[in-house]
Structures are given as C-alpha cells and as structure tokens.
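Structure, as structure tokens:
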Amino acid sequence: MGKPSVSIWEDIHLSDATTILSFETPQEIKNFIVKKFNIDLIKDGLRGKIILDLYYYTLVFAKENGFNEEQTSAFFSIVKRTHGKTIETPYGNTEEAFRFFQNMLTCHSVKRPPFYVDLFNIQQTKIITDYVLNTYFKHFKLYKYAFTPKVTMNVSITYQGLKPEPEPIPEITAEDCDENRDEIPYDESSINEGSEISVEPKESEDENPAMRELKRIIRTTLDEQINKLVASTNTSLPETCSLVPWSTRHPPEERKMDSIRRYQVQL
3 MGKPSVSIWE DIHLSDATTI LSFETPQEIK NFIVKKFNID LIKDGLRGKI
53 ILDLYYYTLV FAKENGFNEE QTSAFFSIVK RTHGKTIETP YGNTEEAFRF
103 FQNMLTCHSV KRPPFYVDLF NIQQTKIITD YVLNTYFKHF KLYKYAFTPK
153 VTMNVSITYQ GLKPEPEPIP EITAEDCDEN RDEIPYDESS INEGSEISVE
203 PKESEDENPA MRELKRIIRT TLDEQINKLV ASTNTSLPET CSLVPWSTRH
253 PPEERKMDSI RRYQVQL
C-alpha cells in the first residue's frame with residue numbers, strides 16, 4: 003500500500019464530494035458508490051456487499067459529523083487505504099494496520115506542508131479514531147477472513163534424541179503368494195514326456211585352480227573306469243547273442259526247448 007501520505011482528492015474528487023453531500027437517501031449514496039468503484043454485487047458476491055457497506059457507512063459518518071468536501075475525501079481515503087493494508091497479507095497484521103491508520107490520520111491533522119496538512123482538528127481526530135476502532139477494527143478478523151486467501155499449515159514435529167520408527171513391513175498373505183506364483187511363466191510344450199533333464203554342476207567362481215584340477219582328474223578317472231566296465235561286459239556275452247540266425251543252428255525241437263530256457267533266463 004505504500005507509506006502513509008496526504009490523500010485529498012485521491013479517491014473522491016471535489017465534484018464527487020459535492021454530489022455525495024447533496025444526497026438525501028441512502029440508496030442514492032449506494033448507487034453512487036457502485037458506479038464510482040465498479041462494484042458488481044452479483045459477480046463479487048459477499049465481498050462486493052461488504053465493501054459497499056464499508057464505503058457507505060464511511061460517507062454517512064462524514065455527512066453526520068458535518069465534514070466538508072476536503073475532509074470527506076480525506077476520511078474516505080484513510081479508511082480505504084487502511085482496508086487495503088489489512089488485506090495485503092493473509093497473516094495477522096492488526097498492529098501494523100492500526101499503526102498505518104494512525105499515521106494516515108496524522109498526515110491530515112498536523113500542519114507541516116507539504117507532507118502534512120491540518121485538515122482535522124483534535125476533536126475530529128478523536129471521533130474518527132473512536133469510529134474506526136469500534137467499527138472496522140472491531141470486525142478486523144472478519145475482513146481478513148472475507149478478503150484474504152485461506153492458509154493451510156502442515157506441522158511436522160521432530161523430537162531430538164529419539165530414533166525414527168521404522169516403517170512396518172507389509173504382511174504376506176496366501177493370496178499374495180498365489181498371485182506371485184501365477185506371474186511365473188510356464189510353458190507345458192517345452193517339457194516333453196520322457197525327456198531327460200540334465201543338471202551340470204556349476205563351478206564356483208570362488209574355487210582355486212588346484213581344486214578345479216583335482217575335480218577334473220577325478221571325473222576323467224571315473225569315465226575311464228566306466229568305459230572299461232562296459233567293454234568287459236560286452237565281451238563276456240554268450241555266443242547265443244551273435245548275429246547268426248538262431249533257426250539255422252538248431253532243429254525245431256531244440257528251438258522249442260531253447261525258447262523256454264531263454265524265457266526263464268530273461269525272468
């Protein structure tokens with residue numbers, strides 16, 4: 003809002019003040035205020051009605067106390083600028099706003115041109131102060147509530163010496179296990195019936211070279227022993243397993259008896 007200063011003819015000019023003092027009905031004053039300050043009672047809603055009442059009763063007070071045109075203009079600007087100081091912040095500034103009002107009134111009550119003018123005498127200064135205290139500052143918080151944005155504060159308290167509580171671990175239910183099991187890809191076509199699954203031992207990366215060499219020697223020795231065992235088993239098979247047709251070496255009677263013996267041997 004700037005610093006307090008002389009505000010004669012700032013908001014209400016000489017012709018406007020003359021017109022206001024000539025009005026005889028309250029509605030004429032309200033119509034003048036709405037037109038002069040572009041107040042839209044429908045669009046502005048509650049704020050428009052509040053500001054209209056503030057301006058209206060300010061001018062009525064000036065008329066009832068016999069203020070002239072200069073005093074009416076100055077008093078109106080004092081109230082208007084004090085209201086502007088009040089709503090410039092959503093935080094509490096009662097003392098600051100009242101100090102601003104006092105300085106504005108002083109600018110129009112002391113003869114020190116060009117910074118001050120003795121427009122109001124001591125008696126007028128007193129009644130102006132009482133009026134503003136009993137009307138505007140008595141409803142100061144209501145004006146703040148209606149004309150300033152709402153402020154929401156998020157308060158977080160941290161106690162020194164206390165460790166923060168760990169976040170709770172979510173409980174795992176049977177349904178969660180089923181959901182995780184369903185997410186594992188499974189392809190039945192990749193597993194054929196009768197197929198062999200070979201699992202090769204994976205050498206640990208942490209084993210030293212000597213241990214790997216020992217394992218290699220053991221595997222080689224086992225492979226040689228298995229090969230020798232298979233070869234000796236093949237050479238000890240009876241001659242009956244040769245490729246010569248069995249029917250050409252035995253007559254029909256012997257073939258029958260041999261068939262019985264071979265069946266018994268197989269069992």
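The sequence shown begins at 3 in the numbering used here and counts up one residue at a time.
The beta-carbon is built from N, C-alpha and C at its ideal position, and this holds for glycine as well.
This one's a predicted model, so the numbers in the text were calculated from it and none came from an experiment.
- The C-beta distance from L23 to K65 rounds to 6 Å, short enough to meet the 8 Å contact threshold.
- In the three-state DSSP reduction, Y118 falls in the strand class (E or B).
- Looking only at G86, S75 and V62, the smallest Cα-Cα distance to D13 is reached by S75.
- Per DSSP, reduced to three states, the secondary structure at V112 is strand.
- Listed in chain order, the non-local C-beta contacts of T127 below 7 Å within the same chain comprise L107 and S111, local neighbours out to five positions each way being set aside.
- Taken atom to atom, the span from the alpha-carbon of V62 to that of D132 is near 15 Å.
- In summary, A212 is exposed, with fewer than 16 beta-carbon neighbours lying within 10 Å of its beta-carbon over all protein chains present.
- In the structure shown, P170 adopts coil according to DSSP, grouped into three states.
- For L43, the CB contacts under 8 Å within the same chain, skipping 5 residues up- and downstream, are V36, G50, K51 and L54 in chain order.
- Within the same chain, and ignoring the five residues on either side of Y58 in sequence, the residues whose Cβ sits closer than 8 Å to its Cβ are P28, I31, K32 and I35.
- The three-state reading of DSSP puts L224 in helix, counting H, G and I together.
- F102 places its beta carbon less than 8 Å from that of P6.
- The alpha carbon of C109 has as its nearest neighbour, out of T21, M155, Y93 and Q73, the alpha carbon of Q73.
- Distances from the CA of Y118 to each of N136, V8 and G4 were compared; the closest alpha carbon is that of V8.
- Look at N33 here: in three-state DSSP terms it is helix.
- In this structure, P92 lies away from T21, with their beta-carbon atoms at least 8 Å apart.
- Secondary structure of H15 (DSSP, three-state): coil.
- Judged by DSSP secondary structure, Q162 falls outside any alpha helix (DSSP H); it is assigned neither H nor E.
- A Cβ-Cβ contact shorter than 8 Å links T88 with F142.
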